[in-house]
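Under the working numbering, the first residue of the sequence shown is numbered -17, with each subsequent residue one higher.
Glycine included, every Cβ here is placed at the ideal spot set by N, Cα and C.
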Amino acid sequence: MAKHATPKLDQLESGPWPSFVSDIKWEAENRAKNADKVNYQIPVDCPADLLGVLELSYNDGETHWKHGGIVGVFGYGGGVIGRYCDQPQAFPGVAHFHTVRVNQPAAKYYSSEFLRQICDLWDMRGSGLTNMHGSTGDIVLLGTQTAQLEEIFFELTHKYNTDLGGSGSNLRTPESCLGTSRCEYACYDTQDVCYQLTLDYQDELHRPAFPYKFKFKFDGCPNGCVAAIARSDFSVIGTWKDDIKIDQAAVKGYVGGEFAPNAGAHSGRDWGKFDIQAEVVDLCPTKCMKWDGSKLSINNRECTRCMHCINTMPRALHIGDERGASILVGAKAPVLDGAQMGSLLVPFIEVNQPYDEIKEVIEKIWDWWMEDGKNRERLGETIRRLSFQRLLEVTEIAPQAVHVKEPRHNPYIFWKEEEVPGGFDRDIEAYRTRHQR
Ligand code: SF4
């Protein structure tokens, strides 16, 4: 029989979707059944008490978790998020319920042996509840007690050859898509950059020294499988400089119904007879494509690499050969001050080991943001407060037309007197003369 009555939580099991409540109940029963077989190091009742405290929160309309508090492992400032319950007498199993973030491997490739080890570790030293994966990308191990932290850390680092992830005001665990390991559109080796920068920036990852969190994400192409443009302070998104490659015979194959559009993916719609004009040409955001009934052409200068045409006709169109990445900065979720997408900073950069050019941009940004950023201010907010122009100055990147976010509206590049030949006076004089005329 359940330890706590949970009528409100029970309603969350009634929908057609998988329910976290059912999962926690399963774990609570499982632990009770195995209590004499597994050497549990935290109370067996932990998942049952978790349900109890959540039901109480629903009844009271307020949380019963106290604010974090400092808790962690020796030598690290991040990786563990402290959680304490304000009702420890009623729910001793969750008196402490700390979260441990574990650095996921690049692109999340695991061996089944590693997963088994992590699960065994968490059964014994934690609640048995996990979140694969948190929104930053880490493995999230939910709920353990303070005395277990060093033991868990030792096993992760010494036995399983992995490490804690980031939390707090530090570099968060870098994340990448699966890149060249499986994707034909990957413009660079995302996993390798992710791995290398994770190693290079261990200090920033484990010792919080920033104004607030900072995220790197590496997408191999503009399809953006890790959504770098929306979620990371520093997004590296694969792109190419030359032309989209067109196989005109395959284009005709799509038009004639020989190939299913969208790689035959079940997008929940009936494509009917494929209409290249309506499905591809008219949906090109820059209107740079033309279909004359027998030949497809693209004005590549105008193409923004949105991937729509390539995704729709993958046998006929392919990314170019001069591959690299664009760097965008300042994206964030809406914790403070609303959500922001990344802004283009470096239109094209080659991505070659040891990635010094990318690191140079990162480190200039950090130097500026650590100096001028306010406490709990994400990079995107610092840019908005102090201007994109200031960012260009500190990164020593020359302003270009592609930096303009909204043409003919609120231009943010202001010339300084020394940059105007003859100075401002001459310029104002010229304006007056023109105006009088
Ligand atoms: Fe147009 Fe996008 Fe195709 Fe470029 S990638 S040609 S912008 S649809």
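Best match in the options for proximity to residue i [C-alpha to C-alpha]
i, options, result
"D215", "R164, R251 and K314", "K314"
"K19", "M106, E304, P243 and G125", "M106"
"L265", "K234, A242, N113 and H290", "H290"
"F420", "Q184, I347 and N357", "Absent from the structure is residue 420, since the part of the chain shown begins at -17 and ends at 419."
"Y167", "K195, G202, P193 and K197", "G202"
"L123", "F135, L138, W104 and A129", "W104"
"S109", "L299, F256 and W8", "W8"
"Q23", "D102, G275, V218 and Q130", "Q130"
"E378", "R367, I344, E399 and Q71", "I344"
"C28", "V317, E388, P316 and F73", "F73"
"T139", "C165, H115, F96 and G116", "F96"
"D171", "A88, S94, S93 and G116", "A88"
Sub-8 Å separation of residue i and residue j beta-carbons
i, j, result
"R283", "P204", "no"
"V35", "V3", "no"
"V55", "G64", "no"
"E44", "T(-12)", "no"
"Q467", "G161", "In this structure the chain extends from -17 to 419, so residue 467 is not present and cannot be described."
"H300", "K227", "yes"
"A30", "H(-14)", "yes"
"L361", "G312", "yes"
"F200", "S158", "yes"
"G150", "G59", "yes"
"T128", "H49", "no"
"I340", "V208", "no"
"P329", "V386", "no"
"A14", "L33", "no"
"Y142", "Q184", "no"
"C176", "G220", "no"
"K277", "Q335", "no"
"I134", "T126", "yes"
"A247", "A298", "no"
Residue i: first and last residue of the uninterrupted beta strand (DSSP E) it sits in
i, result
"W222", "F216 to W222"
"S39", "Not the beta strand (DSSP E): S39 falls in the alpha helix (DSSP H), residues C28 to D42."
"N12", "No beta strand (DSSP E) holds N12; the alpha helix (DSSP H) holding it covers F2 to N16."
"V328", "S325 to I331"
"D120", "Run containing D120: none; DSSP gives neither H nor E here."
"G306", "R305 to V311"
"V82", "H80 to V84"
"L111", "L111 to M114"
"S94", "That residue, S94, is in no beta strand (DSSP E); its alpha helix (DSSP H) goes S94 to R107."
"I280", "L278 to I280"
Buried/exposed call for residue i, threshold 16 Cβ in 10 Å
i, result
"I309", "buried"
"N152", "buried"
"K195", "buried"
"M295", "buried"
"P193", "buried"
"Y236", "buried"
"Y91", "exposed"
"T112", "buried"
"S(-4)", "exposed"
"F136", "exposed"
"D42", "exposed"
"T268", "exposed"
"R251", "exposed"
"G275", "exposed"
"E359", "buried"
Cβ shell of residue i (< 6 Å), same chain only, five flanking positions each side left out
i, result
"E332", "G306"
"K272", "S279"
"I258", "V237 and W273"
"L373", "I365"
Nonlocal neighbours in the same chain, by C-beta distance under 8 Å from residue i, ignoring five residues either side
i, result
"T155", "R83, N85, Q86, T118, G119, D120, G147, G148, T180 and L187"
"W253", "A242, P243, N244 and E261"
"E304", "W222, K223 and D224"
"Q69", "V35, L38 and H46"
"F256", "Y236, V237, G239 and P243"
"L(-9)", "V3, L33, L36, E37 and Y40"
"E132", "V55 and F56"
Delimiting residues of the alpha helix (DSSP H) encompassing residue i
i, result
"V237", "Q230 to V237"
"K272", "Premise fails: K272 lies in the beta strand (DSSP E), M271 to W273, not in any alpha helix (DSSP H)."
"F200", "Note, F200: premise wrong, no alpha helix (DSSP H); beta strand (DSSP E) at F198 to D201."
"I365", "L361 to L368"
"E133", "L131 to F136"
"I293", "Looking at the sequence itself, residue 293 is Asn, so the reference to Ile does not match. Run containing N293: H290 to T294, per the alpha helix (DSSP H) assignment."
"W(-1)", "It is not in any alpha helix (DSSP H) - W(-1) carries neither H nor E in the DSSP assignment."
"Q(-7)", "P(-11) to Q(-7)"
Cβ-heavy atom distance, residue i to the ligand FMN, below 7 Å
i, result
"M271", "As far as ligands go, the structure on display features the ligand SF4 and does not contain the ligand FMN."
Cβ neighbours of residue i in the same chain (closer than 7 Å, five flanking residues each side left out)
i, result
"W350", "V376"
"T364", "W351, D354 and G355"
"A212", "A313 and M323"
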